[in-house]
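If you're matching positions, the sequence shown starts at 333 in the working numbering and goes up one per residue. Beta carbons are placed, not taken as given, at the ideal position from N, Cα and C, and that holds for glycine. Since we're looking at a predicted model, the values are computed, not measured.
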Amino acid sequence: MLRFQQILCIVTLSAFCACASERVVHGFRAVEPGMTQVEVIDLLGEPSSRWSLSQQLDGRVGERLQWGDGASSLASSAMFRGDPERAYSVVFDGQGKVVSKTEPTWVEETKAGAMVDKP
333 MLRFQQILCI
343 VTLSAFCACA
353 SERVVHGFRA
363 VEPGMTQVEV
373 IDLLGEPSSR
383 WSLSQQLDGR
393 VGERLQWGDG
403 ASSLASSAMF
413 RGDPERAYSV
423 VFDGQGKVVS
433 KTEPTWVEET
443 KAGAMVDKP
């Protein structure tokens, strides 16, 4: 019985995570400059990480929110400044308004590959 519960838990969590990432992938296109943090979080769900930005280190005061972080992107974000290569990120200014957004590099690579495959 315990084994069944463990499997059920894994399947349920996997389904939930797939829905969450689908929400980010499709909703990310709708993120626009000037949107508030509340609007973006309502659209994409809670971010997987938050990073404070400082004028001295980042060239602006604000916050970067990221979605879809894995261990690698979390480690990279902790060590290096700037947008992550493997997570969706949105940068907010000091007033909490969107100033930029960045998709993971694999999204652009997928789009480029799809264009090459078309006749």
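Give a yes or no on whether the C-beta atoms belonging to Gly428 and Gln369 are separated by under 7 Å. If you check the CB distance, Gly428 and Gln369 come in under 7 Å.
Same chain, Cβ closer than 6 Å to Met367, neighbours up to 5 away in sequence not counted: Counting only Cβ-Cβ distances below 6 Å, and skipping sequence neighbours, we find Val430.
Do Asp401 and Ser384 have their beta-carbon atoms positioned less than 7 Å apart in this structure? At least 7 Å separates the beta-carbon of Ser384 from that of Asp401.
Nonlocal neighbours in the same chain, by C-beta distance under 8 Å from Trp438, ignoring five residues either side: Close CB contacts of Trp438 within its chain, under the 8 Å cut and outside five residues either way in sequence, are with Arg418 (chain order).
Segments assigned alpha helix (DSSP H), at least 4 residues, entirely inside the region 362-431: Those alpha helix (DSSP H) runs which fall completely within the region 362-431 and span 4+ residues are 369-376, 387-390, 403-411.
How long is the line joining the alpha carbons of Pro365 and Arg396, rounded to whole angstroms? Each residue's Cα considered, the two are about 14 Å apart.
Cα-Cα, which of Ser353, Val422, Glu371 is closest to Thr434? Selection Ser353, Val422, Glu371 evaluated against Thr434 yields Val422 as nearest (Cα-Cα).
Within its chain, find whatever has a CB closer than 8 Å to the CB of Glu441; leave out the 5 residues flanking it on each side and keep chain order. Within the same chain, and ignoring the five residues on either side of Glu441 in sequence, no residue has its Cβ closer than 8 Å to its Cβ.
Identity of the residue in Glu354, Ser353, Val372 nearest Ser432 by Cα: Checking every option, the nearest Cα to that of Ser432 belongs to Val372.
Please report how far the alpha carbon of Val363 lies from the alpha carbon of Gly426, in whole angstroms. Taken atom to atom, the span from the alpha-carbon of Val363 to that of Gly426 is near 18 Å.
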